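To start, the structure itself, in structure tokens.
There are 2 protein chains.
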Amino acid sequence: MKILIVDDHPVVRAGLKALLAGEAEVAGEAATGEEAVAMAAALHPDVVLMDLQLGPGIDGVEATRRVLALPRPPRVLILTTYETDTDIVSAVAAGASGYLLKDAPPEELFRAVRAAAAGQSAMSPPVVARLARRVREPGSELSARETEILQLLAEGLTNDQLARRLFISRATVKTHLVHIYAKLGVDSRTAAVTTAVERRLIRLD
Amino acid sequence: MKILIVDDHPVVRAGLKALLAGEAEVAGEAATGEEAVAMAAALHPDVVLMDLQLGPGIDGVEATRRVLALPRPPRVLILTTYETDTDIVSAVAAGASGYLLKDAPPEELFRAVRAAAAGQSAMSPPVVARLARRVREPGSELSARETEILQLLAEGLTNDQLARRLFISRATVKTHLVHIYAKLGVDSRTAAVTTAVERRLIRLD
DNA sequence: GCGGCCATCAACCATTGGGTTGATCCTCCG
DNA sequence: CGGAGGATCAACCCAATGGTTGATGGCCGC
Numbered sequence: 000m001k002i003l004i005v006d007d008h009p010v011v012r013a014g015l016k017a018l019l020a021g022e023a024e025v026a027g028e029a030a031t032g033e034e035a036v037a038m039a040a041a042l043h044p045d046v047v048l049m050d051l052q053l054g055p056g057i058d059g060v061e062a063t064r065r066v067l068a069l070p071r072p073p074r075v076l077i078l079t080t081y082e083t084d085t086d087i088v089s090a091v092a093a094g095a096s097g098y099l100l101k102d103a104p105p106e107e108l109f110r111a112v113r114a115a116a117a118g119q120s121a122m123s124p125p126v127v128a129r130l131a132r133r134v135r136e137p138g139s140e141l142s143a144r145e146t147e148i149l150q151l152l153a154e155g156l157t158n159d160q161l162a163r164r165l166f167i168s169r170a171t172v173k174t175h176l177v178h179i180y181a182k183l184g185v186d187s188r189t190a191a192v193t194t195a196v197e198r199r200l201i202r203l204d
Numbered sequence: 000m001k002i003l004i005v006d007d008h009p010v011v012r013a014g015l016k017a018l019l020a021g022e023a024e025v026a027g028e029a030a031t032g033e034e035a036v037a038m039a040a041a042l043h044p045d046v047v048l049m050d051l052q053l054g055p056g057i058d059g060v061e062a063t064r065r066v067l068a069l070p071r072p073p074r075v076l077i078l079t080t081y082e083t084d085t086d087i088v089s090a091v092a093a094g095a096s097g098y099l100l101k102d103a104p105p106e107e108l109f110r111a112v113r114a115a116a117a118g119q120s121a122m123s124p125p126v127v128a129r130l131a132r133r134v135r136e137p138g139s140e141l142s143a144r145e146t147e148i149l150q151l152l153a154e155g156l157t158n159d160q161l162a163r164r165l166f167i168s169r170a171t172v173k174t175h176l177v178h179i180y181a182k183l184g185v186d187s188r189t190a191a192v193t194t195a196v197e198r199r200l201i202r203l204d
């Protein structure tokens, strides 16, 4: 079985290579998303172990999409540090066969790689738990408009500036904020921004 | 030269072990701070490679302090993902001989380990740059108290909660906030938090 | 010892923000 | 067709926030 490792940290690449040495053949290593797509096309691995955070360039989700768009695509296993709702959902939506956390024990990694190669899907228990909670807890997703407002909130805008920026009234801004607070389980704009950043609903840059 | 690796991620431990194989003898691996102190006492390594985020139990800074309090203490090299001001300062204050980032190339890691073993200090270029900016930019420095308040701001606390948490009056909280806003060039708590996160003065976790 | 910086507190005031209720209009979906 | 959910707006109230001025005591360094 041939594996392609995609991670921007040399230390992690070396670790995965060392751990997988007895289990499978590590056909190559990529440090960026672009590199990952090129190497997947050239090497035809069975499984791609993909990090989501890849530094500059395309991220792991986009790289997953492109890898799976190749002819005779490999299976893609996400291996990342975070387990945010949006990360998980977007990775699965992109077609990933599994989602593992980096602090998982090596045995779990082996099992997941074997499962992926066999065409099955594999999730870390914490990831499964998070997805389950999403199913139990439906209307908790933010709308596009709400996410847009959150992003501007993070720039420190007042409700008034927000209203002018979006060509809506202050009342509407406040209504959106109330909904956002309810969905995020907070009761202030600052808390909304920090939890949104933690859950990767928005990004600071 | 004997090295002790301290990191809560099995993948990272394996990676460091693999990378260092040709350079030094990896005498042991620890997954928690407590384990790290015990193994440092038992194995007498020359250098301890210490992560700052260690999951439950004592963190890397406290573990560093305790390791350096041992008789015939080893050198401690911090190897972590983040480069926040407070992390760097507290690690150096705890007596760390160096501060590396996990995305550093392996050669830099080798150099730093050799330097640490020789009693010299070693810092990643981004870390050095951050410390240098601290020196160049004196007046805009946040005090320890102000950083503490910022961190709590990021949790979404109100001024009143802040006051109770820190056993000071609301008036004092407001004074601190005014100073923080001035130093960061903002005029709201939300903007203060986001720019502080962007400048890596605090971290969200 | 004096100036500078920090931490602490007070009182005032205008603006902003959060909570509530209720409403209209739209689109999507069963 | 009817309901669900999203986006829009209004009026009300109270609490929280930000801006200002001014004051005290501690500590450090020149």
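Keeping their order, the protein sequence lines are chains A and B. Letter by letter, the first sequence follows residues 0 to 204 of numbering that gives the first Met the number 0. Letter by letter, the second sequence follows residues 0 to 204 of numbering that gives the first Met the number 0. By construction, the Cβ of each residue, glycine as well, lies at the ideal position given by its N, Cα and C atoms. No experiment lies behind these values; they were computed from the predicted model shown.
>> In this structure, how does DSSP classify B/Thr80 when only helix, strand and coil are distinguished?
In response: coil
> With 7 Å set as the bound, which would you pick, yes or no: does the beta-carbon of B/Arg110 sit closer than that to a beta-carbon of chain A?
Replying inline: no
> For the alpha helix (DSSP H) that B/Gly32 lies in, which residues bound it at each end?
Replying inline: Gly32 to Leu42
> What is the C-beta distance between B/Leu151 and B/Arg163, in whole angstroms, given that I count them as a contact (C-beta under 8 Å)?
Replying inline: Contact doesn't hold; Cβ gap of about 11 Å is too wide.
> Going along the stretch 31-57 of chain B in order, which residues come within less than 8 Å of chain A, judged by CB to CB distance?
Replying inline: Gly54
> With contact counted as at least three CB pairs below 8 Å, one residue from each stretch, are the stretch 118-128 of chain A and the stretch 96-103 of chain A in contact?
Replying inline: yes
> Taking one C-beta from the stretch 143-150 of chain A and one from the stretch 32-48 of chain B each time, how about it: are there three or more such pairs within less than 8 Å?
Replying inline: no
> How would you call A/Ala143, buried or exposed, if buried means at least 16 neighbouring beta carbons within 10 angstroms?
Replying inline: exposed
>> Is B/Ile77 near the ligand SAH - that is, is its Cβ less than 6 Å away from at least one heavy atom of it?
In response: Judged by which ligands are present, the structure shown has none, so any question about the ligand SAH falls away.
>> Can you check which of these residues, A/Glu24, A/Ala190 and A/Val66, is closest to B/Thr157 by C-alpha distance?
In response: A/Ala190
> Who are the near neighbours of B/Val11 in its chain, counting only those whose CB is closer than 8 Å to its CB and skipping five residues on each side?
Replying inline: Asp50 and Lys101
> Where B/Gly138 and B/Ala90 are concerned, what is the direct C-alpha to C-alpha distance, given to the nearest angstrom?
Replying inline: Reliability of the predicted coordinates at B/Gly138 is poor, the pLDDT of 48 falling under 50, and no value is obtained from them.
> What does A/Asp159 reach in chain B if we use C-beta pairs closer than 9 Å?
Replying inline: Going along chain B, no residue has its Cβ under 9 Å from A/Asp159, so there is no contact; the nearest lies around 12 Å.
> A/Ala153 touches chain B at which residues, Cβ-Cβ below 7 Å?
Replying inline: Thr193
>> Which of the three DSSP states is assigned to A/Pro137 in this structure?
In response: For A/Pro137, the predicted model reports a pLDDT of 49, less than 50, meaning its position is unreliable; a value from the coordinates is still stated below. Reduced to three states, the DSSP call for A/Pro137 is coil.
>> Does the CB of A/Asp102 have a neighbour CB from chain B at under 7 Å?
In response: yes
> Does the distance from the C-beta atom of A/Asp7 to that of A/Ala30 stay below 7 Å?
Replying inline: yes
>> Starting from A/Leu51, trace the beta strand (DSSP E) in both directions and tell me its first and last residue.
In response: Here A/Leu51 belongs to no beta strand (DSSP E), and DSSP marks it neither H nor E.
> With DSSP run on the structure shown, which of helix, strand or coil describes B/Gly97?
Replying inline: strand
>> Just to confirm, is the Cβ distance from B/Leu69 to B/Ala40 under 7 Å?
In response: yes
>> If contacts are defined as beta-carbon pairs under 8 Å, then A/Val75 and A/Val88 qualify, I think. What distance do you get, rounded to the angstrom?
In response: So it is not a contact: roughly 15 Å between Cβ atoms.
>> Can you check whether the C-beta of B/Thr189 is within less than 7 Å of a C-beta belonging to chain A?
In response: yes
> Just to confirm, are A/Ala183 and A/Thr194 a CB contact at a threshold of 7 Å?
Replying inline: One detail in the question is off: residue 183 of chain A reads as Leu in this sequence, not Ala. Yes, the Cβ-Cβ distance between A/Leu183 and A/Thr194 is below 7 Å.
>> Can you find the residues in the same chain that come closer than 7 Å, C-beta to C-beta, to B/Ala26, ignoring five residues on each side of it along the sequence?
In response: Lys1, Ile2, Leu3, Leu42 and Pro44
> On the three-state DSSP scale, how would you describe A/Ala26?
Replying inline: strand
>> Which complete beta strand (DSSP E) runs does the stretch 109-189 of chain B hold, if anything under 3 residues is left out?
In response: none
>> Would B/Ala62 and B/Ala35 be called neighbours here (beta carbons separated by less than 7 Å)?
In response: yes
> Do you know how far the Cα of B/Gly32 is from the Cα of B/Thr83?
Replying inline: 20 Å
> Mind checking A/Leu19: buried by the 16 CB within 10 Å criterion, or exposed?
Replying inline: buried
>> As a quick exercise: from B/Thr80, B/Leu108 and B/Leu141, pick the residue whose alpha carbon is nearest that of B/Ala17.
In response: B/Leu108
>> I'd like to check one pair, B/Val192 with B/Ala153: are the Cβ atoms closer than 7 Å?
In response: yes
>> Helix, strand or coil, according to DSSP, for B/Arg198 in the structure here?
In response: coil
> Does the beta carbon of A/His8 come closer than 7 Å to any beta carbon on chain B?
Replying inline: yes
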